[in-house]
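Going by the working numbering, the sequence shown opens with residue 7, and the numbers climb by one from there.
Okay, structure first, notes after.
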Amino acid sequence: MPQYAILIFEATPAAELPPEILEAHGAVDREMVARGGKLLAGMALDTDDTATSIRGDLLTDGPFIETKEGLAGVTVIEARDLDHALELAKLVPIVVGGVEVRPLIGFQVLD
């Protein structure tokens, strides 16, 4: 099955989200599997201010661009096709932000 990354953008850092939202993410993972997807990985990311960006030889602290929303987490799934991946991604609870779905190219699960 094709593999997709679901990129989760939030205005609120994961560590500051209400507990019910964090619990909802776990429920969504289970629902994705119930709807025929295969969860390969899922994790929250630390805040933007902990990032280091690399552009050529230039290293900068924090994100490269300033936005109201930062990349807060990523989930990697297998889905039948893009429509199925989008259906599963719509389950992701968002407080203020959005979700982006991208097909993975040449991705392998390492044992």
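Quick reminder that beta carbons are idealized off the backbone N, C-alpha and C, glycines included.
Reference residue i; option with closest CA among the options
i      : options                        : result
Leu97  : Thr18, Arg86, His31 and Leu110 : His31
Ile100 : Glu29, Arg86 and Asp87         : Glu29
Leu94  : Pro19, Ala21 and Glu37         : Glu37
Asp55  : Lys74, Leu45, Ala91 and Ile14  : Lys74
Ala92  : Gly43, Thr58, Leu64 and Ser59  : Sequence inspection shows Leu at residue 92; the Ala mentioned does not correspond to that position. Of the listed residues, the one whose Cα sits closest to Leu92 is Gly43.
Val105 : Ile14, Gln9, Leu45 and Thr58   : Ile14
Sequence-distant residues of the same chain with beta carbon closer than 6 Å to residue i, five excluded per side
i     : result
Ala47 : Val82
His90 : none
Paired residues, beta bridge with residue i - DSSP
i     : result
Gly62 : None; Gly62 has no bridge partner.
Ala50 : Gly79
Check whether residue i and residue j have beta carbons under 8 Å apart
i      : j     : result
Gly103 : Ala17 : yes
Ala78  : Ala50 : yes
Sequence-distant residues of its chain with Cβ nearer than 7 Å to residue i (five each side left out)
i     : result
Ala11 : Val80, Val82, Arg108 and Leu110
Which of helix, strand or coil DSSP assigns to residue i
i      : result
Leu45  : strand
Val105 : strand
Cut-off 8 Å between Cβ atoms - residues of its own chain near residue i, not counting five sequence neighbours on either side
i     : result
Leu23 : Glu16 and Val101
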